[in-house]
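To keep things clear, I will list the structure first and then write my remarks on it.
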Amino acid sequence: MSLANGRHYLAIPGPSVMPDRVLQAMHRPAPNIYTGEMVELTHSLVPDLKAIARTKHHVAMYIANGHGAWEAALVNTLSRGDTILILGTGRFCLGWGEMAKAMGIDCQIIDFGQRSDIDMEQVAAALAADTAHKIKAVLAVQVDTSTSVRNDIPALRQTLDAAGHPALLFSDNIACLACDEFHMDDWGVDVMVTGSQKGLMTPPGMAFVFFNDKADEARAKANLVTPYWDWRPRSAPDEYYRYFNGTAPTHHLFGLRTALDMIKEEGLENVWARHATLARAVWAAVEVWGQAGPTRPNIAAEQKRSHAVTTVNFGEGNGQRLRDWMTANAGVTLGIPLGGVEGAGGRKEDYLRIGHMGHVNAHMVLGLLANLQAGMAAMQIPHGPTGLEAAINVIAEG
Ligand SMILES: *Cc1c(COP(=O)(O)O)cnc(C)c1O
Numbered sequence: 001m002s003l004a005n006g007r008h009y010l011a012i013p014g015p016s017v018m019p020d021r022v023l024q025a026m027h028r029p030a031p032n033i034y035t036g037e038m039v040e041l042t043h044s045l046v047p048d049l050k051a052i053a054r055t056k057h058h059v060a061m062y063i064a065n066g067h068g069a070w071e072a073a074l075v076n077t078l079s080r081g082d083t084i085l086i087l088g089t090g091r092f093c094l095g096w097g098e099m100a101k102a103m104g105i106d107c108q109i110i111d112f113g114q115r116s117d118i119d120m121e122q123v124a125a126a127l128a129a130d131t132a133h134k135i136k137a138v139l140a141v142q143v144d145t146s147t148s149v150r151n152d153i154p155a156l157r158q159t160l161d162a163a164g165h166p167a168l169l170f171s172d173n174i175a176c177l178a179c180d181e182f183h184m185d186d187w188g189v190d191v192m193v194t195g196s197q198k199g200l201m202t203p204p205g206m207a208f209v210f211f212n213d214k215a216d217e218a219r220a221k222a223n224l225v226t227p228y229w230d231w232r233p234r235s236a237p238d239e240y241y242r243y244f245n246g247t248a249p250t251h252h253l254f255g256l257r258t259a260l261d262m263i264k265e266e267g268l269e270n271v272w273a274r275h276a277t278l279a280r281a282v283w284a285a286v287e288v289w290g291q292a293g294p295t296r297p298n299i300a301a302e303q304k305r306s307h308a309v310t311t312v313n314f315g316e317g318n319g320q321r322l323r324d325w326m327t328a329n330a331g332v333t334l335g336i337p338l339g340g341v342e343g344a345g346g347r348k349e350d351y352l353r354i355g356h357m358g359h360v361n362a363h364m365v366l367g368l369l370a371n372l373q374a375g376m377a378a379m380q381i382p383h384g385p386t387g388l389e390a391a392i393n394v395i396a397e398g
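Counting from 1, one number per residue, gives the positions in the sequence shown under full-length UniProt numbering.
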């Protein structure tokens, strides 16, 4: 007997839960890619994507995952031998830096570790030391999906401005666009990258690079740019095929159109607010469980946590045991630990990651938390017994 047989909930931090409406929109025969509905639909995506990024500037769409967006952002702005500053707060920004290094870019790295956000004083010191302005771009993630930290992107812009430093500001929003609040133009972000499969609720396979005119000026000098990844024709196509430099990702576009409609119908502010409340429900349970047991959120300060994903240390290999129990008994699959998050004695297995991004609601999150508590009870992992009640109270208060 298994209690898992019912509708499965994939609660990993991407790919996220895909709405039935999105899947149904994709279930159709091949459309014509030269005229008609497909063409109109593609044009219609551009303003809606920009609205979600809160930018008036440009967007280039790619048939790629998030790593493709990373590469696109780098090749369109940089030349071999350029220097960039990498602000590591987990696996992802460091990974972006490794990619840049392999492309012949000189990476200056500040690693803030696995449990902290960006320390602006250290960034200010690095910028002040760069009197020759060799640093061409500063790379950060808004949310690092391995640690679940949320960085203060407006503060990073203020740090660049206070230093009078002309470097471009890049933000990786692959985990958190349409989950955590973000305002590209108001926050002074020059390049933002994201993918289809997290907050945008569409299968993996599309990536987006948003850029402003300052970044496009860098494009004029970048010697890494290649025809396929060039953002210019994609963002201002003179013919339809140039959006994707070849055949469009037809079915993804129908799915994405529906996902963007859903975000519009709900309202982006309401989407952010839903994520914030669901995240607080998760944190409330984790906090109470930790009052009588080993459970701890990876990021101590609430205002530094993402609303899209929560990395939790359950202690003593319990992260992995709970994940296995949840899949087998509850029909919920939680995220594996990623990157350098490590418990006592270097044990990764202490951790798991709870994805609460995209098409997720109160009953899903409460069900997930109730079953985590059931798992802890079943395996005799010590925990504060009213964690679920604490989460229920967050939902009740709204
Ligand atoms: C998921 C993710 C990526 C990588 O995206 P892929 O689609 O797996 O290439 C990069 N950065 C962040 C912050 C992510 O969450």
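All C-beta atoms, glycine included, are put in the ideal place defined by N, C-alpha and C.
Inter-residue Cα distance where the pair is W229 and A60: The count along the sequence shown starts at 1 and reaches residue 229 at position 229. The count along the sequence shown starts at 1 and reaches residue 60 at position 60. Distance between the alpha carbons of W229 and A60: 9 Å.
Sequence-distant residues of its chain with Cβ nearer than 7 Å to E342 (five each side left out): To locate residue 342, count along the sequence shown from 1; it is residue 342. Counting only Cβ-Cβ distances below 7 Å, and skipping sequence neighbours, we find K348.
L3, buried or exposed, once every other Cβ within 10 Å from all chains shown has been counted against 16: Position 3 of the sequence shown, counting from 1, holds the residue named residue 3. L3 is exposed by the Cβ-count criterion.
Straight-line Cα distance separating M18 from L200: Position 200 of the sequence shown holds residue 200. Position 18 of the sequence shown holds residue 18. For L200 and M18, the gap between their C-alpha atoms comes out near 9 Å.
Neighbourhood of K304 by C-beta, 7 Å cutoff - its chain only, sequence neighbours within 5 removed: Residue mapping note: residue 304 aligns to position 304 of the sequence shown, counting from 1. Within the same chain, and ignoring the five residues on either side of K304 in sequence, the residues whose Cβ sits closer than 7 Å to its Cβ are D117, V149 and R150.
A292 burial status per 10 Å Cβ neighbour count (16 or more: buried): Stepping through the sequence shown from its first residue, residue 292 is reached at position 292. So A292 counts as exposed.
CB-CB length for L74 against A140, believed under 8 Å: Taking the first residue of the sequence shown as position 1, residue 74 is located at position 74. Taking the first residue of the sequence shown as position 1, residue 140 is located at position 140. So it is not a contact: roughly 14 Å between Cβ atoms.
Chain D contact for H58 (CB, 9 Å cutoff): Of the protein chains in the structure, only one exists, and it is not chain D.
DSSP three-state assignment for F314, whether helix, strand or coil: Taking the sequence shown and counting its residues from 1, the one referred to as residue 314 is at position 314. F314: coil per DSSP, three-state reduction.
Residues near L224 in its chain [Cβ-Cβ closer than 7 Å; skip 5 each side]: Within the sequence shown, numbered from 1, the residue matching residue 224 stands at position 224. So the list reads L74, V75, L78, S79, R80 and M103, once near-sequence residues are dropped.
Selection from K136, T159, A137 and D144 that minimises the alpha carbon distance to D119: Counting from 1 along the sequence shown, the entry for residue 119 is found at position 119. With distances taken between Cα atoms, D119 lies closest to T159.
heavy atom of ligand 1 below 8 Å from P13 C-beta: On the sequence shown, position 13 is the one that residue 13 refers to. It does: the Cβ of P13 is within 8 Å (strictly closer) of some heavy atom of ligand 1.
Beta-carbon gap between A163 and A124 smaller than 9 Å: Locating residue 163 in the sequence shown gives position 163, counting from the first residue. Locating residue 124 in the sequence shown gives position 124, counting from the first residue. Cβ atoms of A163 and A124: closer than 9 Å.
Contact test: G88 Cβ vs ligand 1 heavy atom, cutoff 8 Å: Taking the first residue of the sequence shown as 1, we reach residue 88 at position 88. Shortest gap from the CB of G88 to any heavy atom of ligand 1: 8 Å or more.
Pair within 9 Å by beta-carbon distance, G375 and R296: Within the sequence shown, residue 375 is the residue found at index 375, counting from 1. Within the sequence shown, residue 296 is the residue found at index 296, counting from 1. Result no, Cβ atoms of G375 and R296 do not sit closer than 9 Å.
T202: CB within 8 Å of a non-hydrogen atom of ligand 1: Counting from 1 along the sequence shown, the entry for residue 202 is found at position 202. T202 Cβ: outside cutoff for every heavy atom of ligand 1.
beta-carbon I354 near ligand 1 non-hydrogen atom, thresh 8 Å: The sequence position of residue 354 within the sequence shown is 354, counting from 1. The answer is no for I354.
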